[in-house]
């Protein structure tokens with residue numbers, strides 16, 4: 001134990017930095033012919049401190065000295081064996097020069113410093129040795145050094161090209177992986193959208209989960225809609241204290257439910273050829289200019305939209321108050337015969353919502369809704385008719401009630417999701433690096449998709465409500481009115497008319513039509529009565545009409561389900577194209593990298609004709625064959641480590657150029673014979689280049 005401790009204390013200091021790679025260098029670097037197959041890749045040294053200590057150690061100095069010696073040898077070979085031998089010998093030098101860099105991480109700055117050092121060292125050695133050759137030899141034009149510098153620089157450029165190729169490949173792989181991940185998220189989103197649309201294919205699929213509400217959420221929504229209704233009413237009254245409820249033809253009605261328009265006092269409605277106009281009481285339609293008529297028509301549409309929004313708000317308020325009463329027990333759901341549903345809050349079974357005291361009586365297949373205190377037998381015929389109408393209105397209201405409760409449920413979920421989304425967006429922005437514009441966090445994408453799903457469901461519920469209210473209708477591909485189902489692909493406002501153009505349906509105003517110019521294959525949206533000849537006489541009007549038709553293509557007349565289906569197909573097509581493009585770029589990158597790596601493939605290494613076996617016999621007979629430093633330098637790798645150090649010390653006495661003195665030759669030969677090494681046996685086998693692309 002003491003002897004082992006004593007031995008360990010005498011080990012050179014650099015040995016404590018030994019690693020598998022350093023031991024490999026110490027054992028094999030001195031003999032290029034003994035270098036085993038090396039896997040060039042991005043793994044290797046990860047500890048830059050270990051590398052620095054290695055370069056400062058004795059083994060590292062030997063490596064640098066051997067590098068310098070081989071540069072000198074290549075310059076000498078160039079002048080002796082011409083360019084073919086130089087290029088082959090140079091390849092061995094490139095392998096040694098690029099060895100450490102190949103074992104370093106490709107992104108490590110240390111590797112770049114080593115590469116630059118190799119280039120600077122090459123220039124320095126070439127300059128020094130060129131000065132030596134110039135001092136001892138007058139070169140002929142054919143002897144001009146061409147190979148080493150150009151060859152080394154070319155090869156280093158190839159190595160740099162390989163590194164750039166690998167870096168580009170890593171980026172392309174990341175892009176491809178990101179695109180594939182986005183495709184998975186997209187497909188998950190599509191599944192979510194399709195499931196959301198599938199709930200409307202069943203009769204009451206959209207009514208699931210409507211028995212649980214927080215009263216505070218409903219009270220808050222009552223406040224919101226009350227404020228909205230007040231704002232819309234003020235807007236419609238236009239500063240006038242009195243207002244009028246009128247139908248689509250301008251006739252006065254008693255309440256908002258029956259009204260099509262809410263007018264401020266002093267205005268009237270005029271309908272001409274199915275088109276409505278809002279005028280002042282003192283105006284007549286025939287006295288207006290075309291510009292004034294257009295303004296009056298737009299005013300009619302604007303007031304109509306505000307009135308519909310006001311009616312919707314009031315209906316939502318009524319539904320919210322009834323829903324709160326049901327949850328509080330002040331009202332209750334009943335079936336068509338007036339029997340309370342079980343469980344009491346099961347909205348699917350409900351046909352009516354009744355207040356306490358109200359009841360339903362069914363006689364001869366007809367239903368009657370009676371007020372508190374009424375008895376059916378005591379009702380007059382008019383009262384029975386009124387009760388029957390009330391029953392039918394209550395049933396119709398219940399259909400709207402169910403849709404609106406489903407809308408309230410989703411709007412509440414949207415509000416909650418918006419809070420979660422805002423938190424995730426803020427968190428994502430804080431975590432993302434400055435200037436970062438990369439992909440979104442998966443949780444953020446998931447919540448965003450949930451919000452989009454709720455919006456799609458809300459959009460379809462709005463369409464269902466509009467159909468129940470008689471404002472819109474579902475249509476098939478031909479524009480024919482159909483109930484909602486597989487054939488319904490369009491949702492059309494009753495104030496519009498469907499027109500088929502080249503198999504595509506467009507919903508346009510009833511006062512408009514589409515003209516086709518078959519000669520130029522152009523379409524125009526124009527007022528009824530306009531002809532192509534009239535358009536061609538007015539180029540500006542023709543351009544406006546063509547742009548108006550182009551805008552129809554972006555009019556959302558398709559059902560939500562059709563929009564989802566079409567959008568899904570577009571997204572899938574786009575994403576498949578992105579993945580295909582990234583995969584193609586990656587394949588091209590791999591091919592370029594393969595070609596670059598093949599340009600560094602090992603070539604046969606022609607060497608100077610080695611001394612024949614007769615030279616060894618002549619040396620032993622006391623004769624003096626012309627042996628040089630190169631004839632013995634390759635033997636060092638075939639010696640044991642201990643013998644190698646002594647052999648290197650002996651070899652350092654020999655001149656680098658020219659024949660070795662006879663006495664020193666004998667010492668070297670005797671040393672090699674003692675260790676059973678024949679200097680005239682060439683065992684060099686070029687290092688196989690492991691292609692990282694195979």
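In full-length UniProt numbering, the protein residues as written are 1 to 694.
For every residue, glycine included, the Cβ atom is placed at its ideal position computed from N, Cα and C.
Problem set entry | Rounded Cβ spacing between residue 400 and residue 315 (contact assumed at less than 8 Å) | 7 Å
Problem set entry | Spatial neighbours of residue 334 in its chain, beta-carbon cut-off 6 Å, leaving aside the 5 residues before and after | The beta carbon of residue 334 lies closer than 6 Å to those of 340, 352 and 354 in the same chain, with the five residues before and after it left out.
Exercise. Straight-line CA distance for residue 484 to residue 593?
Worked result: 58 Å
Problem set entry | 7 Å Cβ shell around residue 337 - same chain, five flanking residues per side excluded | 360 and 362
Exercise. Whole alpha helix (DSSP H) runs in the UniProt domain "LidA long coiled-coil" (449-590) with 4 or more residues, listed along the chain?
Worked result: 532-536 and 539-552
Problem set entry | Residues sharing a beta bridge with residue 264, DSSP | 243
For this session: Could you check what DSSP says for residue 334 in three-state terms: helix, strand or coil?
Result: strand
Exercise. Considering only the beta carbon of each residue, do residue 185 and residue 582 sit closer than 8 Å?
Worked result: Remark: C-beta atoms of residue 185 and residue 582 do not approach each other more closely than 8 Å.
For this session: May I ask whether a heavy atom of the ligand GTP can be found less than 7 Å away from the beta carbon of residue 162?
Result: Among the components of this structure there are no ligands whatsoever, and the ligand GTP is therefore not found.
For this session: Taking the CB atoms as reference points, tell me whether residue 250 and residue 275 lie closer together than 8 Å.
Result: Cβ atoms of residue 250 and residue 275: not closer than 8 Å.
Problem set entry | C-alpha distance - residue 479 paired with residue 504, whole-angstrom precision | 10 Å
Exercise. So, is residue 573 buried or exposed, given that buried needs 16 or more other C-beta atoms within 10 angstroms?
Worked result: exposed
For this session: Go to residue 285, then tell me how far its beta strand (DSSP E) extends in each direction, as first and last residue.
Result: From DSSP, residue 285 is part of no beta strand (DSSP E); its letter is neither H nor E.
Problem set entry | Limits of the alpha helix (DSSP H) - the one that residue 311 falls within | 290-328
For this session: Within the same chain, show all residues whose beta-carbon is closer than 7 Å to that of residue 476, passing over the 5 residues directly before and after it, in chain order.
Result: 482, 487, 488 and 489
For this session: Kindly indicate which residue of 167, 331 and 492 has the alpha-carbon position closest to the one of residue 472.
Result: Of the candidates 167, 331 and 492, the one whose C-alpha sits nearest the C-alpha of residue 472 is 492.
For this session: Could you check how far apart the C-beta atoms of residue 370 and residue 394 are, in whole angstroms? I think they sit under 8 Å.
Result: About 11 Å separates the two Cβ atoms, so there is no contact after all.
Exercise. With a Cβ-Cβ cutoff of 8 Å, do residue 244 and residue 252 count as a contact?
Worked result: By the CB criterion at 8 Å, residue 244 and residue 252 fall inside the cutoff.
Exercise. Counting along the chain, where does the beta strand (DSSP E) carrying residue 660 start and finish?
Worked result: Where residue 660 is concerned, there is no enclosing beta strand (DSSP E), because DSSP gives it neither an H nor an E.
Exercise. In terms of residues, what are the limits of the beta strand (DSSP E) holding residue 275?
Worked result: 275-280
For this session: Within 10 angstroms of the Cβ of residue 70, are there 16 or more other Cβ atoms? Answer buried if so, exposed if not.
Result: Buried, by the Cβ-count rule.
Problem set entry | the segment 503-519 / the segment 543-560 touching (three or more Cβ pairs under 8 Å) | yes
Exercise. For the beta strand (DSSP E) that residue 355 lies in, which residues bound it at each end?
Worked result: Residue 355 -> beta strand (DSSP E) spans 352-355.
For this session: Out of 565, 181, 222 and 597, point me to the one whose CA is closest to residue 163's CA.
Result: 597
For this session: Can you give me the Cβ contacts of residue 324 inside the same chain, cut-off strictly under 6 Å, excluding the 5 residues immediately before and after it?
Result: 218
For this session: Could you tell me which residues DSSP pairs with residue 386 in its beta bridges?
Result: Paired residue(s): none; residue 386 is not in a bridge.
Problem set entry | C-alpha gap between residue 468 and residue 587, whole angstroms | 57 Å
Problem set entry | Closest by C-alpha distance to residue 529, when choosing among 514, 538 and 518 | 514
For this session: Mind checking which residues open and close the beta strand (DSSP E) that includes residue 361?
Result: 359-363
For this session: Take residue 571 and list the residues in its own chain whose beta-carbon comes closer than 8 Å to its own, dropping the five residues that flank it on each side.
Result: 186 and 190
Exercise. For residue 340, which three-state DSSP category applies?
Worked result: strand
For this session: Measure from the alpha carbon of residue 547 to the alpha carbon of each residue in 532, 524 and 567, then state which is nearest.
Result: 524
Problem set entry | Reduced DSSP category for residue 272 - H, G, I as helix; E, B as strand; rest coil | strand
Exercise. The alpha helix (DSSP H) spanning residue 227 covers which residue range?
Worked result: 215-237
Exercise. Mind checking residue 551: buried by the 16 CB within 10 Å criterion, or exposed?
Worked result: Counting Cβ neighbours within 10 Å, residue 551 comes out exposed, since fewer than 16 surround it.
For this session: For residue 423, count neighbouring C-beta atoms within 10 Å of its own C-beta (all shown protein chains included) and say buried if the count is 16 or more, exposed if not.
Result: Residue 423 should be labelled exposed.
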